[in-house]
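At position 99 of the sequence shown (counting the first as 1) the number is 100 in the working numbering, and the numbers step up by one without a gap.
Written below as structure tokens is the structure these notes are about.
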Amino acid sequence: MSKKFTVISSLLYYDEDITNYAIVNATDIDLSETKYLEITTRHGKFKFEAVTDIGVPPNTIRLNSRQRKRDRLKLYHTYYVKPSVKQSSLHSVVDLFDRKYNFKAKVGGADTVFEKIFGEALLSRFYPKNFVQRTNMKHAKGILLYEERS
2 MSKKFTVISS
12 LLYYDEDITN
22 YAIVNATDID
32 LSETKYLEIT
42 TRHGKFKFEA
52 VTDIGVPPNT
62 IRLNSRQRKR
72 DRLKLYHTYY
82 VKPSVKQSSL
92 HSVVDLFDRK
102 YNFKAKVGGA
112 DTVFEKIFGE
122 ALLSRFYPKN
132 FVQRTNMKHA
142 KGILLYEERS
């Protein structure tokens, strides 16, 4: 069920754990059922993590200037907003590459081999820096390819 919301300005929010968020009034959206918001424009659909604040006027959605510029959302314009329970998730390293390069069509079935070889080496590059530091993940300095012979 989509509702119309008007975009208003928000201060920059510096939380490394939540980087893509939209702030709405707690009476507009029930967060027990919703975790994400999907804003539909003529340029596409954009997902944001839902954050509630009673200081936001009803039927408005707060986005900062970087978010508005990135997704081409105009201040004080009205857009359809749909609550969503799950985020479109990426399951593997191949899925990360496939979003941009259509990798599976070009490799032709060798995607599991690619994931096995490069998965661990590239994994630390895709996570935020604070997550890599907390988990003591190490960046790979190089990749050594070898063939096991039996």
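Note that the Cβ used here is the ideal one computed from N, Cα and C, for glycine as well.
Measuring alpha carbon to alpha carbon, tell me which residue in E34, D54, R126, K48 is nearest Y80.
The residue labelled residue 80 in the question sits at position 79 within the sequence shown. For Y80, the nearest C-alpha among the options comes from K48.
Please confirm if V82 has its CB atom under 7 Å from at least one CB of chain B.
Of the chains in the structure shown, none is chain B; there is only one protein chain.
Going by DSSP, what residue range makes up the alpha helix (DSSP H) through S66?
The residue you call residue 66 lines up with position 65 of the sequence shown. 66-72 is the extent of the alpha helix (DSSP H) around S66.
Roughly how many whole angstroms lie between the Cα atoms of K83 and K4?
Translated into the one-based positions of the sequence shown, residue 83 becomes position 82. Translated into the one-based positions of the sequence shown, residue 4 becomes position 3. In a straight line, the C-alpha of K83 is about 7 Å away from that of K4.
First and last residue of the alpha helix (DSSP H) that includes V133?
As a position in the sequence shown, residue 133 is number 132, starting the count at 1. Per DSSP, V133 belongs to the alpha helix (DSSP H) from 130-135.
Roughly how many angstroms lie between the CA atoms of V52 and R150, to the nearest whole one?
Your numbering for residue 52 matches position 51 in the sequence shown. Your numbering for residue 150 matches position 149 in the sequence shown. Taking the straight line joining both Cα atoms gives about 54 Å.
For T1 versus T61, is the C-beta spacing smaller than 7 Å?
What the structure shows of the chain is the stretch from 2 to 151, and residue 1 is not part of that stretch, so it cannot be assessed.
Please report the straight-line C-alpha distance between A23 and R43, rounded to a whole angstrom.
Within the sequence shown, numbered from 1, the residue matching residue 23 stands at position 22. Within the sequence shown, numbered from 1, the residue matching residue 43 stands at position 42. Computed Cα separation, rounded: 19 Å.
State the DSSP-derived secondary structure class of R126, mapped to helix, strand or coil.
Here residue 126 corresponds to residue number 125 of the sequence shown, with the count starting at 1. R126: helix per DSSP, three-state reduction.
If you draw a straight line from the alpha carbon of L74 to that of I55, how long is it in whole angstroms?
The residue you call residue 74 lines up with position 73 of the sequence shown. The residue you call residue 55 lines up with position 54 of the sequence shown. Going from the Cα of L74 to the Cα of I55 covers about 23 Å.
Between M138, S85, Q134, I9, which lies nearest to T35 when the distance is taken from Cα to Cα?
Here residue 35 refers to the residue found at position 34 of the sequence shown. Answer by Cα proximity: S85.
Leaving out the 5 sequence neighbours to the left and right, which residues in its chain are closer than 8 Å to L12 when beta-carbon positions are compared?
Locating residue 12 in the sequence shown gives position 11, counting from the first residue. Closer than 8 Å at the Cβ level, and outside the excluded window around L12, lie N65.
Once DSSP output is grouped into helix, strand and coil, what is the label at T7?
In the sequence shown, counting from the first residue as 1, residue 7 sits at position 6. Note: T7 maps to strand in three-state DSSP.
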